[in-house]
Amino acid sequence: MNETIEEQLRRVLAQSATAEVPDALPIPPLRQVDELTVRRRRRLVPVISGIAAAAIITLIATAALLLHTNQPDESVSAARAVTPQLVGLSLVEAEADITAAGLTVGTLTSVESAGTPKGQVIAQQPSGGTVSVKGDLVDLQVSAEATTANASALITVPDLRASTATEATAQLTKLYLVIKVVIVPSTGGKKGHVVRQDPEPNAKVSVGTVVTVTVTDPNFTDVPQGLVGMTYDQAVATLKSVKLTAIPALVDSTQPVNTVVGVKVAVGTSVVQGSPIALQISNNQLFIVPKLANLTSAEAIAKLASLGWTGSASSLKLYTTPTSDRMLVGKIAGESHTVITPKGGGGTVQMPGQAPPPGTPVRKSTSFTIIVYVMK
Amino acid sequence: MVAIEAGDDLEALYQTSYHSLLRLAVLLTGDRGAAEDAVQDAFVGFWRRIDGLDDPAAARAYLRAAVVNNSRSVLRRRRTAARHMHELAPGTQPGADESIVMQVRDRELRLAVANLPRRQREVVVLRYWSELSLAEVAETLGVSVGTVKSSASRALDRLQLSLGGSR
Numbered sequence: 095m096n097e098t099i100e101e102q103l104r105r106v107l108a109q110s111a112t113a114e115v116p117d118a119l120p121i122p123p124l125r126q127v128d129e130l131t132v133r134r135r136r137r138l139v140p141v142i143s144g145i146a147a148a149a150i151i152t153l154i155a156t157a158a159l160l161l162h163t164n165q166p167d168e169s170v171s172a173a174r175a176v177t178p179q180l181v182g183l184s185l186v187e188a189e190a191d192i193t194a195a196g197l198t199v200g201t202l203t204s205v206e207s208a209g210t211p212k213g214q215v216i217a218q219q220p221s222g223g224t225v226s227v228k229g230d231l232v233d234l235q236v237s238a239e240a241t242t243a244n245a246s247a248l249i250t251v252p253d254l255r256a257s258t259a260t261e262a263t264a265q266l267t268k269l270y271l272v273i274k275v276v277i278v279p280s281t282g283g284k285k286g287h288v289v290r291q292d293p294e295p296n297a298k299v300s301v302g303t304v305v306t307v308t309v310t311d312p313n314f315t316d317v318p319q320g321l322v323g324m325t326y327d328q329a330v331a332t333l334k335s336v337k338l339t340a341i342p343a344l345v346d347s348t349q350p351v352n353t354v355v356g357v358k359v360a361v362g363t364s365v366v367q368g369s370p371i372a373l374q375i376s377n378n379q380l381f382i383v384p385k386l387a388n389l390t391s392a393e394a395i396a397k398l399a400s401l402g403w404t405g406s407a408s409s410l411k412l413y414t415t416p417t418s419d420r421m422l423v424g425k426i427a428g429e430s431h432t433v434i435t436p437k438g439g440g441g442t443v444q445m446p447g448q449a450p451p452p453g454t455p456v457r458k459s460t461s462f463t464i465i466v467y468v469m470k
Numbered sequence: 003m004v005a006i007e008a009g010d011d012l013e014a015l016y017q018t019s020y021h022s023l024l025r026l027a028v029l030l031t032g033d034r035g036a037a038e039d040a041v042q043d044a045f046v047g048f049w050r051r052i053d054g055l056d057d058p059a060a061a062r063a064y065l066r067a068a069v070v071n072n073s074r075s076v077l078r079r080r081r082t083a084a085r086h087m088h089e090l091a092p093g094t095q096p097g098a099d100e101s102i103v104m105q106v107r108d109r110e111l112r113l114a115v116a117n118l119p120r121r122q123r124e125v126v127v128l129r130y131w132s133e134l135s136l137a138e139v140a141e142t143l144g145v146s147v148g149t150v151k152s153s154a155s156r157a158l159d160r161l162q163l164s165l166g167g168s169r
């Protein structure tokens with residue numbers, strides 16, 4: 095065996111890789127691409143003047159970087175974001191670049207700038223190339239026509255309900271408003287669409303106002319109704335159709351084998367796609383005790399057996415009670431009687447004609463106690 | 003011209019590179035679930051940058067680097083670093099003519115790779131499984147070629163030592 099360490103490494107790594115991930119491994123669907131722009135941080139102060147904002151942002155970034163410097167190297171690189179060069183871009187392009195870099199769009203200020211097309215970024219803070227902490231704000235100055243939006247002009251908030259988050263972002267940025275997206279699991283609205291907005295449509299707000307839109311998370315799905323009563327296979331298919339998986343657990347039940355008798359999640363709950371849903375599946379080990387009164391013990395055994403009872407004459411404990419009614423002799427009593435205790439000694443005990451009583455769900459192997467009439 | 007466009011092309015790229023990226027992530031994390039997350043996250047991140055990547059080779063390099071980065075963070079998230087590669091399947095069963103010694107040596111090597119410091123493990127996997135050049139490894143990890151060289155050398159020494167030999 096003259097294999098070098100390099101050759102052995104190549105062979106062992108390749109073997110492990112293909113054993114863990116064989117070519118035949120099914121490729122899962124590409125996760126729904128989340129096209130939402132999530133603002134991870136709340137804005138601290140709605141409007142901060144340019145210089146103050148710059149100073150505060152620099153301080154926060156520096157402090158955060160210093161804090162991170164004391165942690166393992168990998169968390170530092172994960173938390174860093176390089177501010178992109180944004181001057182000269184349109185506001186929409188700049189917003190996209192900020193988000194792609196892991197940063198957050200901060201305050202937008204509309205300023206008059208002769209010779210610059212409307213909506214073009216003319217200044218940014220921090221400047222391009224600055225290393226910041228992910229999620230930090232990048233403030234932008236956008237050129238405006240002399241007669242249009244300035245800091246004191248009021249803008250009418252559009253109706254964003256039923257738009258996607260991307261559409262809402264585009265609409266708001268055109269109007270020099272800042273969007274903040276809040277994602278909620280599901281409120282029954284169309285997935286990935288705005289279900290609420292604040293301020294309301296038609297409100298008059300100033301440039302740079304944050305409009306909070308609530309969007310239903312496209313990655314969430316509602317647990318379907320009607321699973322109870324389905325066969326396990328039907329329930330698996332139903333769950334699969336809404337991108338959920340089933341985890342079966344067998345439980346004692348009178349329902350036919352493989353019938354879903356319970357779901358561990360409240361119906362209508364929203365869960366992340368791919369979540370496992372615990373289903374209680376009947377093992378059909380229970381049956382409902384029938385009424386045995388007026389049957390002979392042999393008839394009782396036959397009746398119980400027809401319902402799936404797995405016991406026999408030996409699992410039937412028999413007591414007797416005297417009667418003068420010839421018609422009842424040999425039959426099971428319908429009511430309680432005082433019987434002599436089995437151990438002898440003359441003790442007596444009050445017992446029902448049959449135990450367990452009719453209507454009770456019991457295991458198929460349960461023992462029965464009955465009282466049979468004998469001639470006085 | 004944008005060669006990788008949203009939709010069909012992304013799906014095609016996903017289909018053709020899924021297994022290879024998942025294997026890379028499995029070798030780095032030792033955990034299939036974590037590896038699947040790392041690959042999916044890489045594609046989501048890629049989607050967001052799609053306009054900036056118009057070259058399929060660059061797209062693959064970006065995805066590879068993203069999988070390496072994501073493997074670090076999903077491992078942290080899942081705290082599975084401790085159960086690393088020693089839990090990986092041993093690969094195809096050797097035939098009757100292959101010696102027990104070889105099986106034992108392979109197992110020791112898997113364990114030794116699992117116990118390498120993170121950067122050394124990344125260098126070893128990228129160099130000897132992904133078959134990247136030193137420069138490509140450096141680019142993927144965002145470090146200098148010199149760092150890759152020294153990490154690779156230290157890793158091989160360490161592996162050799164744990165197998166009871168010297169290089």
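Line by line, the protein sequences are chains A and B.
Residue 95 is where the first sequence starts when you use this note's numbering, and the numbers rise one by one after that.
Residue 3 is where the second sequence starts when you use this note's numbering, and the numbers rise one by one after that.
Cβ coordinates follow ideal geometry from the N, Cα and C atoms, glycine included.
- The C-alpha of N71 (chain B) is placed about 22 Å away from the C-alpha of P123 (chain A).
- Where V147 (chain B) is concerned, there is no enclosing beta strand (DSSP E), although the alpha helix (DSSP H) around it starts and stops at 147 to 164.
- The bridge partners DSSP lists for Q214 (chain A) are A:S184.
- Each residue's CA atom was taken as its position, placing L128 (chain B) and L23 (chain B) some 11 Å apart.
- Excluding sequence positions up to five before and after Y270 (chain A), its CB lies within less than 6 Å of the CB of L202, S204, A243, V301, all in the same chain and listed in chain order.
- Here P178 (chain A) is buried: its Cβ has 16 or more other Cβ atoms, across all protein chains shown, within 10 Å.
- Listed along the chain, the chain B residues whose CB falls inside 8 Å of the CB of Q102 (chain A) are R107, D108, L111.
- Residues of the segment 11 to 23 of chain B whose Cβ lies closer than 7 Å to any Cβ of chain A, in chain order: E13, Y16, Q17, Y20, H21.
- Around the C-beta of I465 (chain A), 16 or more other C-beta atoms lie within 10 Å, and the residue is accordingly described as buried.
- Assigned with DSSP and collapsed to three states, D316 (chain A) falls in strand.
- DSSP, read as helix, strand or coil, puts L373 (chain A) in strand.
- Exposed is the label assigned to P451 (chain A), since fewer than 16 other Cβ atoms lie within 10 Å of its Cβ.
- With a threshold of 7 Å between beta carbons, R25 (chain B) makes contact with chain A.
- Neighbourhood of Q162 (chain B) in chain A, by CB distance below 7 Å: I99, in chain order.
- Bounds of the alpha helix (DSSP H) holding Y130 (chain B) are 120 to 130.
- The straight-line gap separating the alpha-carbon atoms of G148 (chain B) and V186 (chain A) is approximately 41 Å.
- Taken in chain order, the whole beta strand (DSSP E) runs of length 3 or more contained in the segment 376 to 448 of chain A are 380 to 382, 410 to 417, 431 to 434, 442 to 445.
- The Cβ neighbour count for R457 (chain A), taken over all protein chains shown within 10 Å, is under 16; the residue is labelled exposed.
- Residue state for M104 (chain B) is assigned as helix, using DSSP reduced to three classes.
- With a cutoff of 7 Å on beta-carbon distance, Q379 (chain A) and G356 (chain A) are scored as not near each other.
- Listed by position along chain A, the residues whose Cβ is nearer than 9 Å to that of Y64 (chain B) form an empty set, because the closest Cβ is around 12 Å away.
- By alpha-carbon distance to D33 (chain B), the top candidate from B:S75, B:G166, B:S19, B:R121 is B:S75.
- By the C-beta density criterion, G213 (chain A) is buried, having at least 16 other C-beta atoms within 10 angstroms.
- Bridge pairing for E206 (chain A): A:A238 [DSSP].
- Per the DSSP secondary-structure output, G356 (chain A) pairs in a beta bridge with A:Q374.
- In this structure, A:V468 is the residue among A:V468, A:V443, A:L401, A:L410 with its C-alpha nearest to the C-alpha of M421 (chain A).
- Against chain A, a Cβ distance below 7 Å from R123 (chain B) picks out nothing, because the smallest value is about 11 Å.
- Taking 8 Å as the cut-off between beta carbons, the residues of the segment 106 to 124 of chain A near chain B are V106, L107, A108, Q109, S110, A111, T112, A113, E114, V115, D117, L119, I121, P122, L124, in sequence order.
- The alpha carbon of V115 (chain B) has as its nearest neighbour, out of A:T339, A:Q218, A:R104, A:A217, the alpha carbon of A:R104.
- The alpha-carbon of S347 (chain A) is positioned some 8 Å away from that of P455 (chain A).
- Take A195 (chain A), set aside five residues on each side of it, and the residues of its chain with a beta-carbon closer than 8 Å to its own are A175, V176, T177, P178, in chain order.
- Listed by position along chain A, the residues whose Cβ is nearer than 7 Å to that of R34 (chain B) are E114.
- Look at Y270 (chain A) here: in three-state DSSP terms it is coil, with no helix or strand label.
- Taking 7 Å as the cut-off, the Cβ atoms of P318 (chain A) and V330 (chain A) do not count as close.
- Bounds of the alpha helix (DSSP H) holding L143 (chain B) are 136 to 143.
- In this chain, A331 (chain A) is not harboured by any beta strand (DSSP E); it is covered by the alpha helix (DSSP H) spanning 326 to 335.
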